[in-house]
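Residue numbers (the working numbering): 8 to 177.
Spelled out as C-alpha cells, the structure:
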C-alpha cells in the first residue's frame with residue numbers, strides 16, 4: 008500500500024472516532040486511546056488528524072502521546088511479550104528476566120523485532136504473584152520463568168506459527 012492510500016485509510020478509520028467526541032481538550036486522551044485501540048498504535052498520520060480536529064499543531068499531540076507510556080507509536084509485533092516487574096516478580100529477578108528476553112529477541116523494551124513477530128514491554132503487575140517471575144506472551148501466562156526457559160517459549164511460538172497452530176491477530 009502506498010503512503011497516500013495508507014493516510015487515506017487512517018483518515019477513514021479514525022473519522023468515526025472523532026465524530027463521537029466534542030472538541031474539548033479533556034477528550035484528547037480518550038480519543039487517542041480509541042484511535043490506538045482501532046489501529047493498535049498511533050502513527051504520525053493519526054496524530055496529524057487529531058491535531059486537525061483540535062486545530063492545534065501535530066507536535067502538541069505528539070507531546071501528549073510521548074508523555075504517557077500507554078501510547079505506542081510503532082505497530083505492535085504479532086506476539087506481544089509482557090514481562091512483569093511487579094513487587095513479587097522484581098524480588099524474584101524480574102529485571103534479569105527482562106534482560107534475558109531482550110537478548111533472546113534481539114530488541115530492547117519498547118521495540119519490535121525486525122520480522123515484526125515479537126514486541127517487548129515491561130508491565131507493573133499481571134496479578135499472578137504466586138507464579139513469579141512471570142511473562143505474558145499472547146495473553147498466555149508463563150510462570151516461574153528463567154532465562155533458560157525463554158528460548159523454549161520463543162521456539163514453541165515459532166513452531167506454532169510455522170505449522171499454522173496459532174491464530175493471527177487482526
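For every residue, glycine included, the Cβ atom is placed at its ideal position computed from N, Cα and C.
Under 7 Å, do residue i and residue j count as touching if we go by C-beta distance?
i, j, result
"residue 160", "residue 149", "yes"
"residue 90", "residue 123", "no"
"residue 68", "residue 54", "yes"
"residue 20", "residue 45", "yes"
"residue 107", "residue 154", "yes"
"residue 28", "residue 38", "yes"
Might you give, ordered along the chain, the residues of its own chain that have their beta carbon closer than 6 Å to the beta carbon of residue i, omitting 5 neighbours on each side?
i, result
"residue 164", "86"
"residue 72", "49, 78"
Excluding the 5 residues preceding and the 5 following residue i in the sequence, name in chain order all residues of the same chain whose CB lies nearer than 7 Å to its CB.
i, result
"residue 100", "140"
"residue 34", "28"
Tell me whether residue i, by its Cβ, gets closer than 6 Å to a heavy atom of the ligand ZN.
i, result
"residue 64", "Absence of the ligand ZN is noted for the structure shown, with no ligands found whatsoever."
Quick one: residues in its chain with C-beta nearer than 8 Å to the C-beta of residue i, no 5 flanking neighbours on either side, listed in chain order?
i, result
"residue 120", "84, 112, 113, 114, 126"
"residue 64", "58"
"residue 158", "111"
"residue 32", "61"
Just mark residue i as buried or exposed, buried being the case when its beta carbon has 16 or more other beta carbons within 10 Å.
i, result
"residue 16", "exposed"
"residue 146", "exposed"
"residue 105", "buried"
"residue 60", "buried"
"residue 142", "buried"
"residue 102", "exposed"
"residue 56", "buried"
"residue 166", "exposed"
* Asked: Should the region 132-152 be called in touch with the region 91-99, which here means at least 3 C-beta pairs below 8 Å?
  -> yes
* Those runs of the alpha helix (DSSP H) which lie wholly inside the region 21-81 and span at least 4 residues -> 35-46, 51-61, 65-74
* **beta strand (DSSP E) segments (min. 3 residues) lying fully within the region 122-149** => 125-130, 142-144, 147-149
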